[in-house]
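**Student:** The numbering of the sequence shown is my numbering, which starts it at 17 and goes up by one. Ideal Cβ placement from N, Cα and C applies to all residues, glycine included. Quantities reported herein were computed from a predicted structural model and do not represent experimental measurements. Have a look at this one.
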Amino acid sequence: MITLYLARHGQTEENNAHIFQGHLPGKLTQEGIAQAIKLGQELQTVPFDRIVHSDLERARLSAELIRGDRAIPTCPSILLREIDWGSWTGQTISEAKRTARPTDAESEEMLYERAKRFVAFLKKNFDGETILAVGHGMINRRIVAAIQGLPPNELRTIPRFENCEYRILNL
């Protein structure tokens with residue numbers, strides 16, 4: 017069994033501006049930095065075997081701040097990246113809502129399949145370990161759904177992750 021602590025990155029400037037970040041690196045705000053440090057303090061006694069994080073800068077830096085000075089191995093994973101919004105990337109939500117979802121955006125089905133690949137990656141490589149995974153709002157919800165075996169049409173029943181919120185899942 018794997019004990020997975022699944023967390024979202026700290027608050028970013030783009031979160032505050034209501035911008036679709038997608039695969040943009042994102043810049044943590046001072047609040048986002050404080051959130052990650054606080055989460056690290058809260059999880060200080062958890063004996064993590066490793067930290068897996070999205071390769072996007074906002075998640076990488078959040079993972080580093082959560083880890084603090086503990087000697088926990090870390091590894092980036094593109095499977096934990098946020099949804100690719102295609103041509104909506106960098107636009108505000110209000111700007112994007114004026115147009116149809118772009119055809120170059122990652123579909124809900126593609127994102128869910130990527131979440132299932134991440135779960136399979138964990139099961140194959142980290143059985144018996146306690147893992148902290150630092151990702152993003154959309155992918156994290158799909159990972160929860162994949163672990164719970166929910167079909168794609170029920171994905172929206174998973175509550176959204178706030179910045180630096182985490183959930184504990186066993187798989």
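1) What does a CB cutoff of less than 6 Å around R76 pick up in its chain, not counting 5 residues either side in sequence?
2) Closest to D65 by C-alpha separation, out of E122, R83, E145, T173, would be which residue?
3) Could you tell me whether the region 161-175 touches the region 99-110, where touching means 3 or more Cβ pairs closer than 8 Å?
4) Less than 7 Å between C-beta atoms, sequence neighbours within five positions excluded: which residues of the same chain meet that for D100?
5) Determine, using beta carbons only, whether A149 and I163 come nearer to each other than 9 Å.
6) Under the assumption that I18 contacts I147 (Cβ atoms under 8 Å), give the Cβ distance between them as a whole number of angstroms.
7) Which stretch, first to last residue, makes up the beta strand (DSSP E) that contains V68?
8) Decide if the region 112-119 is in contact with the region 80-95; the criterion is three or more beta carbon pairs, one per stretch, under 8 Å apart.
9) Tell me which same chain residues have a C-beta within less than 7 Å of the C-beta of T45, skipping the five on either side of it?
10) Looking at the structure shown, is N31 part of a helix, part of a strand, or coil, going by DSSP?
11) On the premise that L95 lies in contact with R130, defined as a C-beta separation below 8 Å, what is that separation, rounded to the nearest angstrom?
12) Can you give me the C-alpha to C-alpha distance between R133 and K54, rounded to a whole angstrom?
13) Select from A112, F142, R74, E111 the residue whose C-alpha is nearest the C-alpha of G153.
14) For D71, I'd like the list of residues in its chain whose CB is within less than 6 Å of its CB, leaving aside the five on either flank, ordered along the chain.
15) Note down, one range per segment and in chain order, each beta strand (DSSP E) of at least 3 residues found wholly within the region 127-161.
16) When we look at the beta-carbon of H34 and count the other beta-carbons within 10 Å, is it buried (16 or more) or exposed?
**Tutor:** Checking against the coordinates, here is how it stands:
1) Within the sequence shown, numbered from 1, the residue matching residue 76 stands at position 60. H69.
2) In the sequence shown, the residue the question calls residue 65 occupies position 49. For the residues E122, R83, E145, T173, the minimum Cα distance to D65 belongs to E145.
3) no
4) Here residue 100 corresponds to residue number 84 of the sequence shown, with the count starting at 1. The answer, listed in chain order, is G38, H39, A121, E122.
5) Residue mapping note: residue 149 aligns to position 133 of the sequence shown, counting from 1. Residue mapping note: residue 163 aligns to position 147 of the sequence shown, counting from 1. Contact flag unset, no.
6) In the sequence shown, the residue the question calls residue 18 occupies position 2. In the sequence shown, the residue the question calls residue 147 occupies position 131. So it is a contact: roughly 6 Å between Cβ atoms.
7) For the purposes of this step, residue 68 is taken as the residue at position 52 of the sequence shown. Here the beta strand (DSSP E) through V68 covers 66-70.
8) no
9) Start at 1 with the first residue of the sequence shown, and residue 45 comes out as number 29. Taken in chain order, the residues that qualify are Q27, T28, E29, N32.
10) Indexing the sequence shown from 1 puts residue 31 at position 15. Three-state DSSP puts N31 in a helix.
11) In the sequence shown, the residue the question calls residue 130 occupies position 114. In the sequence shown, the residue the question calls residue 95 occupies position 79. Between L95 and R130 the Cβ distance is about 6 Å, and since that is below 8 Å, they are a contact.
12) Against the sequence shown, residue 133 aligns to sequence position 117. Against the sequence shown, residue 54 aligns to sequence position 38. Spanning the two alpha carbons is a distance of roughly 30 Å.
13) Translated into the one-based positions of the sequence shown, residue 153 becomes position 137. If we check each option's Cα against that of G153, R74 comes out closest.
14) The sequence position of residue 71 within the sequence shown is 55, counting from 1. Hits under 6 Å: P92, I94.
15) 146-151
16) Along the sequence shown, read from residue 1 onward, the residue named residue 34 stands at position 18. So H34 counts as exposed.
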